[in-house]
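In the UniProt record's numbering, the protein residues as written are 1 to 187.
Each residue gets a CB set at the ideal place from its N, CA and C atoms; glycine is no exception.
These notes are about the structure you will find just below.
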Amino acid sequence: MVSFEGSDVKIIMGAFGNHLEGQDHRRREELGRKSSLDEDDSKGKPKRGIRCLKEIGLGLTALGVFFTLLGVFLFFERSFVVIGNILLLSGVTLTIGVMSTWQIFMKRQNFKGSASFAVGFVLIMLGWPVLGMIWETCGLFVLFSGFWPTVAVFLRKLPIVGGIFRQSSVSSFFPRNRVNMGKRMPI
Numbered sequence: 001m002v003s004f005e006g007s008d009v010k011i012i013m014g015a016f017g018n019h020l021e022g023q024d025h026r027r028r029e030e031l032g033r034k035s036s037l038d039e040d041d042s043k044g045k046p047k048r049g050i051r052c053l054k055e056i057g058l059g060l061t062a063l064g065v066f067f068t069l070l071g072v073f074l075f076f077e078r079s080f081v082v083i084g085n086i087l088l089l090s091g092v093t094l095t096i097g098v099m100s101t102w103q104i105f106m107k108r109q110n111f112k113g114s115a116s117f118a119v120g121f122v123l124i125m126l127g128w129p130v131l132g133m134i135w136e137t138c139g140l141f142v143l144f145s146g147f148w149p150t151v152a153v154f155l156r157k158l159p160i161v162g163g164i165f166r167q168s169s170v171s172s173f174f175p176r177n178r179v180n181m182g183k184r185m186p187i
């Protein structure tokens, strides 16, 4: 990372550079000046720290999906599935925030999905990964049941896949009157 400050030029690289950047940020706070970590972009973008958390969350979510799939491909290897679940939950929490995650799992209409996901997670931890994955999958379908019509509308607009989803046999699974259902999603 290259940062230009006044007349001096600093080239900051690697883990040691991140340490130096953190020291520079603290020094600026002490002097009462703003650093690039504090500034909001004029286009209304979030601060750099928030964007970094979201990027880390997306990375953890991708790793969670990878480890879960690896565990499934290795004949439901319990350790990979557990690691995948933990990474997936922590990644979703970092991506959308703690309160949004809490709202998704603790809504009254999502209680069945949350409970079955939790039962599936416990079953995996106890050593029954196949049964646990079935419970978790059912829980996720129930948990995100309000989101599937939105996914269907998105898939209908895709160039190649859209033709398949516009067929009457497939579109009967996602009726148009259920889209958004007048409710605001917590995300």
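Contact between residue 78 and residue 134 fails: their C-beta atoms lie close to 14 Å from each other, not under 8 Å.
Judged by beta-carbon spacing, residue 60 lies within the 9 Å limit of residue 88, meaning their Cβ atoms are closer than that value. With fewer than 16 other CB atoms across the displayed protein chains lying within 10 angstroms of its CB, residue 158 is exposed. When Cβ pairs closer than 8 Å are counted between the two stretches, the region 104-119 is seen to touch the region 135-146, the count reaching three or more.
Between residue 118 and residue 91, the C-beta spacing is not below 9 Å.
Straight through space, the alpha carbons of residue 80 and residue 132 are spaced by roughly 13 Å. A distance below 6 Å between beta-carbons, with the five flanking residues on each side excluded, links residue 155 to the following residues of its chain, in chain order: 161, 165.
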